[in-house]
Amino acid sequence: MGRELQKRKNRSSRPKVRVPNSRKKALNPLGNNVIAKNWDKKQTLTQNYRRLGIAARLQAPTGGVELTVSEASKQPTRAAETHISEARVERDSTGRIVRVLSGSSAPRAASAHKPLNDPLAALDSDDDDNDDEDMVDGTAKQPAPAETKWEDWGGISEDENDNEVVRALVRQSRLPVAKHTRFQSEQESEWLAKLVAKHGDNVRAMAWDRKLNPFQQTVGDISKRLKRWRKAQAESAEA
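Residue numbers (our numbering): 1038 to 1276.
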């Protein structure tokens, strides 16, 4: 039965559904001219950004990170071998070690609470010494308050180690941004002229007019449009 169904599918004129693979589509950056000129379509987005010296994402990576050639060829370091030695110890009636009698690997054998060449014994001893130094006449010494230094941010500075692409992006970011002026269409100007002819300066009545304001523009939106419209009317009258 299954074989007959497959034959019927092959004879059918209905085309097969093919899901497009978006990963095979080459990226074509159009947002920035500097990045578009230096873009390599044979590389992925992360590889292009790493080559150009730009961060692909601001947050930490959530998955695997591609290793470079130097990182992949690096041999893993082996931990230092521990030196094993013997020592004679003295125990009490409960079996607890009281002191170490002999042994070259126990530099702090006199320590009763950290015997048998414990690597943490030196750290604990240093902490005890620091605690004693911090005590003055039985009271804890208060740490000196750190001076807070505030520095003003001077913007993005060019580094000598940056490549030419990063320098071009920094120079582009320092250029002044031209203010975009929005022009009203002829249809919008006619609509505002009808509102003014009917309601005058009563913007609230314009907002409640169901016939002339079918899209229910708010009072604030109509006020902004009227301000821009009156300014354009004054400029055209002067010209």
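Every residue, glycine too, gets a C-beta built ideally from N, C-alpha and C.
Start and end residues, alpha helix (DSSP H) containing SER1226: Unbroken alpha helix (DSSP H) run through SER1226: 1223 to 1236.
Helix, strand or coil: which one does DSSP assign to VAL1102? Here VAL1102 sits in coil by DSSP.
What are the boundary residues of the alpha helix (DSSP H) that LEU1138 is part of? Per DSSP, LEU1138 lies in no alpha helix (DSSP H) segment; the continuous beta strand (DSSP E) that holds it begins and ends at 1134 to 1139.
Give a yes or no on whether the C-beta atoms belonging to VAL1240 and SER1260 are separated by under 8 Å. Against a cut-off of 8 Å, the Cβ pair of SER1260 and VAL1240 comes out as a contact.
How far does the beta strand (DSSP E) with GLU1127 in it reach, from first residue to last? Annotation: the continuous beta strand (DSSP E) that includes GLU1127 extends over 1125 to 1128.
Can you tell me the Cβ-Cβ gap for ARG1125 and LEU1138, rounded? I've got them flagged as a contact below 8 Å. Yes, ARG1125 and LEU1138 are in contact; Cβ-Cβ is about 4 Å, under 8 Å.
Could you tell me which of LEU1104, LYS1268, GLU1108, GLN1209 sits nearest to ARG1069, measuring between CA atoms? The question names Arg, yet the displayed sequence has Asn at residue 1069. Nearest C-alpha to ASN1069: GLN1209.
If you count every other CB in all the chains shown that lies within 10 Å of the CB of SER1082, and 16 or more means buried, which is it? According to the sequence as given, residue 1082 is Leu; it is not Ser. Answer is exposed; the Cβ neighbour count stays below 16.
Find the nearest neighbour of GLY1090 within the set ASP1246, VAL1202, LEU1212, GLN1253, judged by alpha-carbon distance. When only C-alpha atoms are compared, the closest one is VAL1202.
What did DSSP end up calling TRP1266 once you bin it into helix, strand or coil? In the structure shown, TRP1266 sits in a helix (DSSP, three-state: H, G or I).
Using a Cβ-Cβ cutoff of less than 8 Å, which residues in the same chain neighbour TRP1228 once the five nearest sequence positions on both sides are dropped? The residues are LEU1249.
Rounded C-alpha distance that separates GLN1253 from SER1059: Looking at the two C-alpha atoms, the distance is approximately 41 Å.
Considering only residues of the same chain and omitting the five flanking positions on each side of TYR1086, which have a CB-CB separation below 8 Å? Setting aside the 5 residues that flank it on each side, TYR1086 is surrounded in the same chain by ALA1092, ALA1093, each with a C-beta closer than 8 Å to its C-beta; the list follows chain order.
Assign TRP1266 to one of two classes, buried (16 or more other C-beta atoms within 10 Å of its C-beta) or exposed (fewer than that). That one is buried.
What whole-angstrom Cβ distance do LEU1067 and ALA1073 have, given they're in contact under 8 Å? Going by Cβ atoms, the distance from LEU1067 to ALA1073 rounds to 6 Å, so yes, they are a contact pair.
Taking C-beta to C-beta, are SER1242 and HIS1236 nearer than 8 Å? A small fix is needed here, since residue 1242 is Ala in this sequence, not Ser. Closer than 8 Å, so yes.
Below 8 Å between beta carbons: does that hold for VAL1071 and LEU1206? Yes, Cβ-Cβ distance for VAL1071 and LEU1206 is below 8 Å.
Once DSSP output is grouped into helix, strand and coil, what is the label at LEU1042? DSSP places LEU1042 within a helical segment (H, G or I) once states are collapsed to three.
Please classify ASP1258: does DSSP put it in a helix, a strand, or coil? Three-state result, ASP1258: helix.
Can you give the beta carbon distance from GLN1221 to ALA1269, rounded, assuming they're within the 8 Å contact cut? Right, their Cβ atoms sit about 6 Å apart.
Does PRO1121 come out as helix, strand or coil in the three-state DSSP assignment? Going by the sequence as given, residue 1121 is Ile instead of Pro. The answer is coil: DSSP assigns ILE1121 none of H, G, I, E or B.
What are the start and end residues of the alpha helix (DSSP H) that includes GLN1084? Taken as a continuous stretch (DSSP letters only), the alpha helix (DSSP H) holding GLN1084 covers 1082 to 1089.
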